[in-house]
Amino acid sequence: MSDTLGYYDANAEAFVDSTFDVSMDGIYRVFLADVTAGGHILDAGCGSGRDAMHFHRLGYRISAFDASQAITALAQQKTGLPIAHRSFLDVDERSVYDGVWACASLLHLPENQIPSVLGRLWMALKPGGTLYASFKFGESERESDGRHFTDANEERAALWFECIEKDLEIKFWRTQDQRPDRDEQWLNILVHKAPAVHERLTVGGSQHHFLPKLCHAIRSSNQVDMAVAFVKTTGLNLLLPDLLDVLQKEREPAPARVRILTSDYLDITDPEALRKLSLLQDHGAQVAVYESKGSSFHMKAYLFAGRRGGSHWGRAFIGSSNISRQALQDGLEWNYQVDYPPDTGYLEAVNRFDELFRHPKVVPLTDNWIDGYARRRVPPPQPVAPGSMEQEALPTPNAVQKAALKALDATREEGYTRGLVVLATGLGKTWLSAFDSKQLGARRILFVAHREEILYQAAETFVRIKPDSRVGFYMGKQRDRSVDILCASIQTLGKETHLERFAPQHFDYIVVDEFHHAAAPTYHRLLKHFAPQFLLGLTATPDRSDRSDILSLCDDNLVYECPLFDGVRGNFLVPFHYYGIYDETVEYQAIPWRNGKFDPELLANKLATMGRARHAFRVWSQHKQLRTMAFCVSRTHADYMARYFQKHDVRAVSDHGDSEMSRGEALELLDSGGLDVIFSVDLFNEGVDLPAIDTVLLLRPTESKVLFLQQIGRGLRKSQGKKRLVILDFVGNHQSFLHKPQALMGQAMNLRQLAEFARRAEQNRLDLPEGCFVNYDLEVIDFLKGLDQKGAEKDYQALKDTLGRRPSLTEYYHFGANITQTRKQHGSWFGLLNTMGDLAEKEEALLTAHEGFFVEVEKTSLTKSFKMILLEAFQAVNGWEKAADLPALAQESWRILKRRPRLFSEVAESVRHFDGGSTEWQQYWRKNPVDHWTNKSSVLFHVVEGRFEPAFTVESSSLATFESMVQELIDYRIASYEARQGSKTDIGNSNNVIPMLASDTALPYFPTLKIACGHFRNSTVDQLEDVEYRSIGSGHGRLNRDRHFIARASGDSMNGGKRPIHDGDYLLLEQISSESAGAISDTTLAIERLDEAGDTQYLLRTVRKSSGEYILEAANPEYDDIAVTPEFAEQFRTFARLNDVISPLEMARGQELLREDIPALFGTEFNPGNWQSGHVFLKEAGAHVLLVTLNKQGKAAQHRYVDHWVDETTFHWQSQASTTPAGKRGLELINHERLGLSVHLFVRENKLRNGKAAPFTYYGPVDYKSHEGSAPMSVLLSFR
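With positions in the sequence shown counted from 1, the corresponding number in the numbering used here is that position plus 510.
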């Protein structure tokens, strides 16, 4: 074989070109006639890949390999299929393939190897499968053109197959070679493997129960018929996953026909089970009920039919099992299996079922029938059949849901009619919505989502909580309106024509599941139409940048959150051990990336390789526990991984729509310990409860944080004996993976924050719940640390790459980007979008025409929220289309404010008790904000004849785009405004002052002199796109960002003398050149030096002149001075002059800092014992540090100090209860200037952010202004 392989490796291209287009249609038809439609075919020795590609295009699942490495590569390139490089001796699969195709490949084996290789292929073939092989017709074994050939005739081939199995029926036929200039004959061989011999009788019990056979039959069928005396919810839940799978619209070649017949005999059937069967009808099933009316109905028959190749098959189970858990799983139940062919008794059973389904006593299952049955039902007091008394336990809220329900009740008491709840995957957010609707007593409920599977899952959940309610759907072509619970797709119901069919008050309660940013305008339109008693928004991600759309929809009212870390800390979810594995075998940069997604086919090909499977298996073997769920990118990928693990003696299966094992079987085997790994594509992402899973293997990129959290959430649920979840996540060096650490940690991170996260992870300094562990491979750490670049454009691009689309301004704000700096560099948000090329054509034209208006909306000062509320109301009444009547506008503004109690509290007390239609409210609203918008120097609005109208026009064709742009700015302004106001507090001292930091100058910032020098060597500051800016205060003279910049010192060469410069100090420098430097003696310069060896140094030195030569003098005596002699002068290049050393405190103004990071600003170390209070005195620094949390909910009443902003430059601070004006601390605060002490103010809104300690914002040094009271003191502090 080595010579033959050498021939093909050397002549691969010529061979592929000569064979790829050869027609094999006639032989294809013979082979495929007996292969199950959509079945799994092994192309063994695939050559050019011609046949594999043909089968793939017909809808078959393909595995293909070739022993020639060169041909494997060419075949993969030509077909786009994942062709494996292996030989016949590597085939050790068992009963995997429906067909094996060995066209002109076995002929290169020596004859003595052919029987054993045929045996391997035979073992890989499933019972009932078909094997095809072909040889050149003849009797010789020979060498030709450097290749080995074994020819075959009928007698010779029959002897080979006799070594495998006696008395096989083998079909032989000869064909002529189809290639030009060839006159050879070929021997074609087709062999069928006998179907497996089945046990006909299933007797029940824990070792031989009926459920696996039933699930397998459902999954394999095109027709499913069931007739049972009764259906219990306990049993139906076991069958639903597989029934739903075969009813999927995407199923090939078509969804199955499902008919289910049950009865009201003895009133055993659960009404709840009937509601679920009614939901199954929404998927396409036919369900009917036999009305017994005193007669008996003891049916227990299950009939299935399908197609294999060109023939039909059927199977029936007749016996004693109704649909209950006991009958399907635990009880002793006899069910006899009848297979057709050969048993024609199956056909008799089918005919009888058809007759029964048309029986006069059989009626269709409808909501009306279920309502009547539930009213008249009197179930028997004693069991009359196995499972007849089974009842699903009534669902009750868990501890997290109880806390959320309490918070929802409280928020409604406060006057809110909208609210958002954040619950980690696994804590039951859909269940929460059902519980809350019941708590509220809602009669009509609307559940809105963007995916059908979410709606179906919601329907099942609500049926459990409200079993007497009618449930319907509004999606696709389905229009159920006369129901109690309507599950609607936003794509359908969000259209005006559909909304108009419902009155605004039709629904008492509306639930909005998390949705994609692009759908936000549609949700706004839907909620503009409806006026429910309460709207509940749900999301699983705690990341503010991800939830900004749905939070805006909920009036920015975050009612309750329990993200992942809180779920673990509260013992509601198990701890996790996360391993970020570097995906070393995949070059993701080479795979096309468009609209936030990889090219799916190319990605699947890159992931389904031997090297990557080997790497995954090695990692899994090292860290695995007992039960693993693995997520793959495609069906081909899942099949490939399952085969690889099987070959290494792991009990693994792939599970998807075409897989052999049903989902019900796979779940049961994994739960019972009969399986080690399930490789899934997406079946287990939604609504599947798998608490026993203790290992999650992520073998694919995930497109969103939500999907990532859903996948790991499959294993976070608690289960008996489970101590932790192990997460094995394969991470590539590509922007598509940047959302994973953000999702895991529950916070948005820009590029520099991701780099800082990596450094913390490397140093094992991450803030994790007890029992949790996070580890990244060093390659991943290096990739993340390499992201440490700053600037508006870099932050924007990072967020865009994470989201897979252009972000909204609110998302950008929540991402932690510097909005002020963005405006300084680009003028406005839409200016940044224009720079980045992310404005659509209409948006760009609107920006050009109305830039002044957009900038005014984005930047106008807000002392109250009213200006934005007015604009939102103006949009709500379609004011851009037709001038808004002032009374209507004021009333709509009142309605919006009433939904937001925090903002409504800004209304003057004298008019709060008037409604929106009152004269008093109209006059109040006219003064502000109407007058504000109409009295500006650049007039934007007019009031004409009692109507509020814009002073400019917008083309009607661009109106929708214009409104969307304005709404984007409104959402941001309200979100940022409310964030600055802080959360509600019990003491009610919330006010509306926004603290104003002193006016600063923003300058380019570089981490080192080396980086700064590299930037300035060929560019000026204003030409650079990736420069970060840092702000410094006044007192440094006139600064120009084209010349001045900030860099950090490296090393201690200048650590000495009167002005020591320490390693890491912030330096204010001025860019100079040899022409602009002027006199340089006795000045400190930044210098680049290229020495004789070609090494580059970056120095900070004071320049002295002595005897006509310059001396570069170090302040630290441990460093030698450098004489710049004429012969070495060309080694030195001066590029900047030192202006000042900037205090770390000055650099920290406006920055967020964790408590443990604050001491370093004062040159001291963090000591937890000293820094837990809100007032810390640092003796060596002579500084009082005030650490203030505005919202102190959760503290004892005596520790809730009254801290708030008085105005933009004044802060009211209340001391600790023991502080008095005559005491040491009180005197030092009052007299701090005279005593030479400083006072520094650090403020945060809340104690926690995303479940962990929130950072403080540093507002700078403050001065004592006045005080009142004693123990505690109320002190007014003013900014300097």
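Backbone N, C-alpha and C fix where the C-beta goes; we use that ideal spot for every residue, glycine too.
Classify residue i: buried if its beta carbon has 16 or more other beta carbons within 10 angstroms, exposed otherwise.
i     : result
V1021 : buried
M1783 : buried
W1431 : buried
Q1708 : Residue placement at Q1708 cannot be trusted, given a pLDDT of 38 that sits under 50; the coordinates are not used to answer.
E1196 : Here the model assigns E1196 a pLDDT of 45, short of 50, so the residue's position is not dependable and the matter cannot be decided.
S834  : buried
D1425 : exposed
E523  : exposed
W683  : exposed
V1084 : buried
T1530 : Low confidence applies here, because T1530 scores a pLDDT of 48, under 50, leaving its location unreliable; read the following figure in that light. When all chains shown are included, T1530 counts as exposed.
Q1221 : buried
H566  : buried
L1534 : Because the pLDDT of L1534 is 47, which lies under 50, any placement of that residue in the model is unreliable, and the number read from its coordinates should be weighed accordingly. Exposed, by the Cβ-count rule.
C1523 : buried
S1776 : exposed
L978  : For the record, residue 978 in the displayed sequence is Asp; it is not Leu. D978 should be labelled exposed.
V1449 : exposed
D1532 : Any answer about D1532 is weak, because its pLDDT of 43 lies below 50 and its placement is not dependable; what the coordinates show is given next. Answer is exposed; the Cβ neighbour count stays below 16.
K1705 : Legend: pLDDT at K1705 = 40, less than 50; position of this residue unreliable, value from coordinates given subsequently. So K1705 counts as exposed.
Mind reading off the beta-carbon distance from residue i to residue j? Whole number of angstroms is fine, and I expect it under 8 Å.
i     : j     : result
L1219 : F1240 : Actually they do not touch by this definition, with Cβ atoms about 17 Å apart.
E603  : A634  : 4 Å
F1752 : F1766 : 4 Å
A574  : L591  : 6 Å
S1563 : A1624 : 4 Å
L616  : V606  : L616 to V606, Cβ: 19 Å. No contact.
A1393 : F1458 : 7 Å
What do you reckon, are the CB atoms on residue i and residue j nearer than 8 Å?
i     : j     : result
V1785 : S1725 : yes
L1200 : R1224 : yes
V1191 : R1128 : no
E1402 : V1387 : yes
L1309 : Y1323 : no
L1046 : S943  : yes
L1261 : D1298 : yes
W611  : D553  : yes
R954  : D849  : no
L1787 : Y1768 : no
message: Would the stretch 920-936 count as touching the stretch 1403-1420 if we require 3 or more Cβ pairs under 8 Å?
response: Output reads yes: the stretch 1403-1420 touches the stretch 920-936.
Q) Considering only residues of the stretch 639-681, which uninterrupted beta strand (DSSP E) runs meet the minimum length of 3 residues and lie entirely inside it, listed in chain order? A) Here the runs fully enclosed are 651-654, 657-660.
Notebook entry, point to check: In chain order, which alpha helix (DSSP H) runs of at least 4 residues are fully inside the stretch 1736-1783?
Noted result: For secondary structure counted as the alpha helix (DSSP H) over 4 or more consecutive residues, the stretch 1736-1783 holds these complete runs in sequence order: 1742-1745.
Margin query: If we require 4 or more residues per run, which alpha helix (DSSP H) segments fall completely within the stretch 1251-1322?
Written below: Residue ranges of uninterrupted alpha helix (DSSP H) with 4 or more members, entirely inside the stretch 1251-1322 and ordered along the chain, are 1261-1272, 1288-1295, 1302-1313.
Using 8 Å as the threshold, is the stretch 1135-1155 in touch with the stretch 692-700, meaning 3 or more CB pairs across them? By the Cβ rule, the stretch 1135-1155 does not count as touching the stretch 692-700, because fewer than three pairs are nearer than 8 Å.
Item checked: Cβ contact (3+ pairs, closer than 8 Å) linking the stretch 752-765 and the stretch 866-880 -> No: the two stretches stay apart, fewer than three of their Cβ pairs being nearer than 8 Å.
Worksheet item: At a cut of 8 Å, does the stretch 1114-1125 reach the stretch 1159-1173 through at least three beta carbon pairs?
Response: Output reads no: the stretch 1159-1173 does not touch the stretch 1114-1125.
### Query
Can you find at least 3 beta carbon pairs, one from the stretch 1150-1164 and one from the stretch 1102-1109, that sit closer than 8 Å?
Look at the beta carbons and you see the stretch 1150-1164 not touching the stretch 1102-1109: under three pairs across the two are nearer than 8 Å.
Counting beta carbon pairs with one atom in the stretch 1609-1629 and one in the stretch 1663-1677, are three or more of them shorter than 8 Å? The count of Cβ pairs closer than 8 Å, one atom from the stretch 1663-1677 and one from the stretch 1609-1629, stays below three, leaving the stretches out of contact.
- So does the stretch 1689-1696 actually touch the stretch 1732-1746, counting three or more Cβ pairs closer than 8 Å? Touching, yes, given that three or more Cβ pairs across the two stretches are closer than 8 Å.
Worksheet item: Where are the beta strand (DSSP E) runs, 3 residues long or more, that stay fully inside the stretch 559-619, in chain order?
Response: Runs of the beta strand (DSSP E) lying entirely within the stretch 559-619, each at least 3 residues long, are 571-576, 593-595, 607-612 in chain order.
If you pair each beta-carbon of the stretch 1590-1610 with each one of the stretch 1538-1553, do three or more pairs fall below 8 Å? The stretch 1590-1610 is not in contact with the stretch 1538-1553.
- Query: Below 8 Å, can you find three or more Cβ-Cβ pairs linking the stretch 728-739 to the stretch 796-815?
  - Reply: Judged by pairs of C-beta atoms under 8 Å, the stretch 728-739 touches the stretch 796-815, as three or more such pairs exist.
Does the contact criterion of 3 or more C-beta pairs under 8 Å hold for the stretch 1009-1017 versus the stretch 816-831?
Short answer: they don't touch.
Ordered list of beta strand (DSSP E) runs contained in the stretch 1057-1106, each at least 3 residues: Runs of the beta strand (DSSP E) inside the stretch 1057-1106: 1068-1072, 1086-1092.
Problem set entry | Segments of 4+ residues assigned as alpha helix (DSSP H) that fall wholly inside the stretch 839-913 | If only complete runs of 4 or more residues are kept, the stretch 839-913 shows the alpha helix (DSSP H) at 855-867, 877-886, in order along the chain.
*For the stretch 1451-1499, which segments carrying the alpha helix (DSSP H) assignment without a break, of at least 4 residues, lie completely within its bounds, in sequence order?*
Secondary structure in the stretch 1451-1499: the alpha helix (DSSP H) runs of 4 residues or longer, each lying completely within the stretch, are 1469-1491 in chain order.
- Task: Identify every run of the alpha helix (DSSP H) within the stretch 997-1040, keeping only runs that are complete inside it and at least 4 residues long; order them along the chain.
- Result: Contiguous alpha helix (DSSP H) elements confined to the stretch 997-1040 occur at 1000-1003, 1006-1009, 1030-1039, taking only those with 4 or more residues.
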